[in-house]
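K.L.:
Each residue of the sequence shown is one higher than the one before, counting from 60 in our numbering. Backbone N, C-alpha and C fix where the C-beta goes; we use that ideal spot for every residue, glycine too.
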Amino acid sequence: VPCSGERHLVNDGTALGLWNVKQKKKNQKRQISLLKASVAACRDGGGIIVYSTCSIDPFENDVVVEKILSKRKDSVDVVKLNYPIGEPTKYGWI
Numbered sequence: 060v061p062c063s064g065e066r067h068l069v070n071d072g073t074a075l076g077l078w079n080v081k082q083k084k085k086n087q088k089r090q091i092s093l094l095k096a097s098v099a100a101c102r103d104g105g106g107i108i109v110y111s112t113c114s115i116d117p118f119e120n121d122v123v124v125e126k127i128l129s130k131r132k133d134s135v136d137v138v139k140l141n142y143p144i145g146e147p148t149k150y151g152w153i
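1. Jot down the residue ranges of each uninterrupted beta strand (DSSP E) in the stretch 74-135, minimum 3 residues, whole runs only, in chain order.
2. Excluding sequence positions up to five away, which residues of its chain have a Cβ less than 6 Å from the Cβ of residue 114?
3. Do you know offhand how far residue 130's Cα is from residue 123's?
4. At the level of alpha carbons, what is the spacing between residue 81 and residue 91?
5. Under the rule that 16 or more other beta-carbon atoms within 10 Å means buried, what is residue 127, buried or exposed?
Quick look at the structure:
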């Protein structure tokens, strides 16, 4: 999904100058909307949804998943995977 790209802020002064909280909140609303639509599309026939951003911020990752789970807990299962690199989060991996 579209995201704030916060992982780029560390190495890119231009990206840091463009970052703002308003845009971050707008991105989260879009992320929730897209994930909600994906869940609805998979509801009848089943399916697998991979939710992914390039952000390292929980606000755009785990918080989005939590909001969907709180509304559609009965129709969504989170599959936890392990990877040899990165760090686990509550619902995923960064």
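P.N.:
With the structure as the only source:
1. As far as the stretch 74-135 is concerned, it has no whole beta strand (DSSP E) run of at least 3 residues.
2. Cβ within range, chain order: 62, 63 and 65.
3. So the two alpha carbons sit approximately 11 Å from each other.
4. The C-alpha of residue 81 lies about 16 Å from the C-alpha of residue 91.
5. The Cβ neighbour count for residue 127, taken over all protein chains shown within 10 Å, is at least 16; the residue is labelled buried.
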